[in-house]
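Quick note on our numbering: the sequence shown kicks off at 139 and runs consecutively.
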Amino acid sequence: EFDAILTPAACGEAPKGLDATGDPAFCSTWSYLGVPAVTVPLMQGANGMPIG
């Protein structure tokens with residue numbers, strides 16, 4: 139038995155390249171609490187990068 143919380147990982151499409159990691163609004167709480175997280179990209183945006 140396990141518990142899970144499903145939330146979006148990001149508020150939009152991932153940024154291209156390695157210059158930025160995007161807005162941390164959705165992951166800051168989990169990082170602060172030290173909770174393990176998994177991201178499963180299910181869709182692609184206009185630039186071919188994963189959404190959410």
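Ideal Cβ placement from N, Cα and C applies to all residues, glycine included. Keep in mind it's a predicted model, so treat the numbers as computed, not measured.
Out of G190, W168, G150, the CA that lies nearest to the CA of T177 is found in G190.
Annotation: the continuous alpha helix (DSSP H) that includes T167 extends over 166-171. Here DSSP, grouped into helix, strand and coil, assigns M187 to coil. Under the three-state reduction of DSSP output, E151 falls in the strand class.
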